[in-house]
Amino acid sequence: MKAFTAETGKCGDCASGCAPKRLTKLGARVRKFDAVAALAGNPNTGKSTIFNALTGLRQHVGNWAGKTVARAEGAFETGGKKFKLIDLPGTYSLLSTSPDEEIARDFLLFGKPDVTVVVGDAMRLERSLHLVLQILEITTRVVFALNLMDEARRARIRIDARQLARDLNVPVVAMAARRGEGVSELLEAVSETARRDFSASARRISYADKELENAVETLAANLRANFGELPNARWIALRLLEGDENIIRAVRANSLGAEKSGSHLTQLALAEAR
Amino acid sequence: MKRKAGREAFFYRKASAPLLTGDTGKKKTMTLDKLERGRSATIVQIFSENAERRRLFDLGILPGTRIESVMASPLGDPVAYRVRNSVVALRREQANLIEVEEERHEGFYR
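Protein sequence lines correspond, in order, to chains A and B.
Mind the numbering: the first sequence is residues 1 to 274 in the numbering used here, read in order.
Mind the numbering: the second sequence is residues 1 to 110 in the numbering used here, read in order.
Here it is, written out as structure tokens:
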């Protein structure tokens, strides 16, 4: 556990006494905040553990699927900025039809968090990366928290987090959240990403099928023309091509191009529409 | 899938037991539900459709993926499969829609 000694504000476990990112846990006091961060990821990867480590709350942590059914909210402060933190239900994908996957997806899409922390399982990296790439289609303001590194070490799995960060072009933080490892690095990455506009160079999938790629680009250009610059125009175009009812409704209701400040209103509108 | 000659050669040297009888070198495919406990296979094709197909893909179950049958529930259905280092339970009617090619020798590719 990385212990923050109260007198110095430095972490106690390295000789150099590096100054870690200061964290103030604000619990559920979320009246005013400067930015919104969301925790997404596969089920059982430690999202709620990270949530509790950052907010000081005691959101139920348990080893079974569907534990966080609705989303939980808390807050923390770092680098002089107050963050509201949303703990989303665990999902394998943003495409499937279960209610908790829809909650996660709708929040990322319409709630427009300033930073999305995708929590991945170092033991099951491939499956975690699937969701990372999907989320990168919606937003590029992503931090990949590679959790359960302690378990992976025990299983002699070695992961080159730096190379992964270069490949994805988003920050990758190796963590063992239940021991507090990587928490200050995560804070650093989150506040850095919140400050950044958006990384246009983040890794994105393009589709091999020419016809599909053309259709997506045409539709995406059309969406941008109508709704302004959208970071997720391609993703919306894909869902429209699939005939996704929710997305079609959102396009009709004009709730895609809403400004960031209006995002909570769109959320409410969305809640009403359900 | 075509096996590399080098690997094959390695295997023939290593094998102390007689070669599998009736091994013609042709692909032996079956549906996943027929895969015995403890055996591994590579997925050739997935016949499931729509939401179910997508769900399998989301879980990392795709053509070319290696899959191992690890255990069955007391009644034999569902069966737990290991895929990309996680364990996924599939019902028989789901596994029946997945065509696999069994690995000829257990543990060989590990």
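Every residue gets a Cβ at the ideal spot worked out from N, C-alpha and C, and that includes glycine.
Cutoff 8 Å: Arg179/A Cβ touching any chain B Cβ: Here the question's residue 179/A lines up with position 179 in the first sequence. No, because no Cβ of chain B sits closer than 8 Å to the Cβ of Arg179/A.
May I have the straight-line CA-CA distance separating Met175/A from Arg153/A, to the nearest angstrom? As a position in the first sequence, residue 175/A is number 175, starting the count at 1. As a position in the first sequence, residue 153/A is number 153, starting the count at 1. Spanning the two alpha carbons is a distance of roughly 11 Å.
Give me the Cα-Cα distance between Lys82/A and Ala221/A, rounded to the nearest whole angstrom. Here residue 82/A corresponds to residue number 82 of the first sequence, with the count starting at 1. Here residue 221/A corresponds to residue number 221 of the first sequence, with the count starting at 1. Answer to the nearest angstrom: the Cα atoms are 35 Å apart.
Straight-line Cα distance separating Tyr92/A from Ala189/A: Position 189 of the first sequence, counted from the start, is the residue given in the question as residue 189/A. Position 92 of the first sequence, counted from the start, is the residue given in the question as residue 92/A. Computed Cα separation, rounded: 24 Å.
Where Gln275/A sits in the DSSP three-state scheme: As shown, chain A starts at 1 and ends at 274. That puts residue 275/A outside it, with no answer to give.
Kindly list the residues whose CB is nearer than 8 Å to the CB of Arg58/A, restricted to its own chain and excluding five residues on each side of it in sequence; keep chain order. Position 58 of the first sequence, counted from the first residue, corresponds to residue 58/A. Counting only Cβ-Cβ distances below 8 Å, and skipping sequence neighbours, we find Asn52.
With a floor of 4 residues, list each alpha helix (DSSP H) that falls wholly inside the segment 136-194 of chain A, ordered by position along the chain. 149-154, 161-168
Determine the burial state of Gln94/B: buried for a count of at least 16 other Cβ atoms within 10 Å of its Cβ, exposed for fewer. The residue given as residue 94/B occupies position 94 in the second sequence. Label assigned to Gln94/B: buried.
Where the segment 96-129 of chain A meets chain B: residues whose CB sits under 7 Å from a CB there: For the segment 96-129 of chain A, the set of positions with a beta-carbon nearer than 7 Å to some beta-carbon of chain B reads Ser96, Thr97, Met123, Arg124, Glu126, Arg127 in chain order.
Closest Cα partner of Thr24/A within the set Thr49/A, Pro43/A, Lys84/A: Translated into the one-based positions of the first sequence, residue 24/A becomes position 24. Cα-wise, what sits closest to Thr24/A is Lys84/A.
Can you give me the start and stop residues for the beta strand (DSSP E) that Glu102/A sits inside? Residue mapping note: residue 102/A aligns to position 102 of the first sequence, counting from 1. Unbroken run through Glu102/A is the alpha helix (DSSP H), 99-106; no beta strand (DSSP E).
Look at the Cβ atom of Glu185/A, then the Cβ atom of Val173/A, and state whether they are nearer than 8 Å. Counting from one through the first sequence, the residue named residue 185/A turns up at place 185. Counting from one through the first sequence, the residue named residue 173/A turns up at place 173. Between Glu185/A and Val173/A, the C-beta spacing is below 8 Å.
I need the straight-line Cα distance from Val87/B to Glu213/A, nearest angstrom please. The residue labelled residue 87/B in the question sits at position 87 within the second sequence. The residue labelled residue 213/A in the question sits at position 213 within the first sequence. Cα to Cα, the separation comes out at about 34 Å.
Within 8 Å (strictly less), CB to CB, does Gly22/B reach chain A? Residue mapping note: residue 22/B aligns to position 22 of the second sequence, counting from 1. Any reading at Gly22/B must be qualified, since the residue scores a pLDDT of 45, below 50, and its modelled position is unreliable; no value is offered.
Is the segment 26-36 of chain B touching the segment 100-111 of chain A, taking contact as three or more C-beta pairs under 8 Å? no
Nearest candidate by alpha-carbon position, reference Arg22/A, set Thr49/A, Leu54/A, Phe33/A, Asp34/A: Indexing the first sequence from 1 puts residue 22/A at position 22. Answer by Cα proximity: Leu54/A.
Check whether the Cβ atoms of Ile67/B and Val100/B sit closer than 8 Å, and answer yes or no. Sequence index remark: in the second sequence, residue 67/B carries index 67 (1-based). Sequence index remark: in the second sequence, residue 100/B carries index 100 (1-based). Yes. Within cutoff.
Residues in the same chain with beta-carbon distance under 6 Å from Thr24/B, minus the five sequence neighbours each way, listed in chain order, please. Residue mapping note: residue 24/B aligns to position 24 of the second sequence, counting from 1. With a pLDDT of only 47 at Thr24/B, under 50, the local geometry of the prediction cannot be trusted, and no value is derived from it.
Along the segment 204-226 of chain A, what residues have a CB closer than 7 Å to any CB found in chain B? Residues of the segment 204-226 of chain A with a C-beta less than 7 Å from any C-beta of chain B: none at all.
Go through the segment 35-62 of chain A residue by residue and report every complete run of the beta strand (DSSP E) that reaches 3 residues or more, in order. 35-41
Report the residue from Ala155/A, Asp150/A, Arg156/A whose alpha carbon sits nearest the alpha carbon of Arg179/A. Position 179 of the first sequence, counted from the first residue, corresponds to residue 179/A. It is Asp150/A.
Go ahead and pull the three-state DSSP assignment for Ala208/A. In the first sequence, residue 208/A corresponds to position 208, counting from 1. Coil.
3-residue-minimum beta strand (DSSP E) runs that sit fully inside the segment 54-85 of chain B, ordered along the chain: 66-72, 79-83
Does the beta-carbon of Asn232/A have 16 or more other beta-carbons within 10 angstroms, so that it is buried, or is it exposed? Translated into positions along the first sequence, residue 232/A becomes position 232. By the neighbour-count rule (16 or more Cβ atoms within 10 Å), Asn232/A is buried.
On the three-state DSSP scale, how would you describe Asp114/A? As a working note, residue 114/A is residue 114 in the first sequence. Reduced to three states, the DSSP call for Asp114/A is coil.
With a cut-off of 8 Å on the beta carbons, I'd call Ala38/A and Ile86/A a contact; round off their distance for me. Residue mapping note: residue 38/A aligns to position 38 of the first sequence, counting from 1. Residue mapping note: residue 86/A aligns to position 86 of the first sequence, counting from 1. Confirmed, about 5 Å.
Near-chain B residues of the segment 184-199 of chain A - C-beta to any C-beta below 8 Å: So nothing in the stretch comes that close.
Assuming Ala237/A and Val216/A form a contact by the criterion Cβ under 8 Å, report the distance between their Cβ atoms to the nearest whole angstrom. Looking up residue 237/A in the first sequence gives position 237. Looking up residue 216/A in the first sequence gives position 216. Yes, Ala237/A and Val216/A are in contact; Cβ-Cβ is about 5 Å, under 8 Å.
Enclosing alpha helix (DSSP H) for Glu242/A [first to last residue]: Counted from its first residue, the first sequence places residue 242/A at position 242. Segment 233-242, the alpha helix (DSSP H) holding Glu242/A.
Any residues in the segment 54-73 of chain B with a beta carbon nearer than 9 Å to a beta carbon of chain A? Which ones, in chain order? Answer in chain order: Arg54, Arg55, Phe57, Asp58, Leu59, Gly60.
Check whether chain A comes within 8 Å of Ala113/B, counting only Cβ atoms and requiring the distance to be less than that. It is not possible to answer for residue 113/B, since the shown part of chain B is limited to 1 through 110.
Using a C-beta cutoff of 8 Å, does Arg84/B count as contacting chain A? As a working mapping, residue 84/B is identified with position 84 in the second sequence. At least one chain A Cβ lies under 8 Å of Arg84/B.
What residues from the segment 41-54 of chain B come within 8 Å of chain A, judged by C-beta to C-beta, listed N to C? Ala51, Arg54
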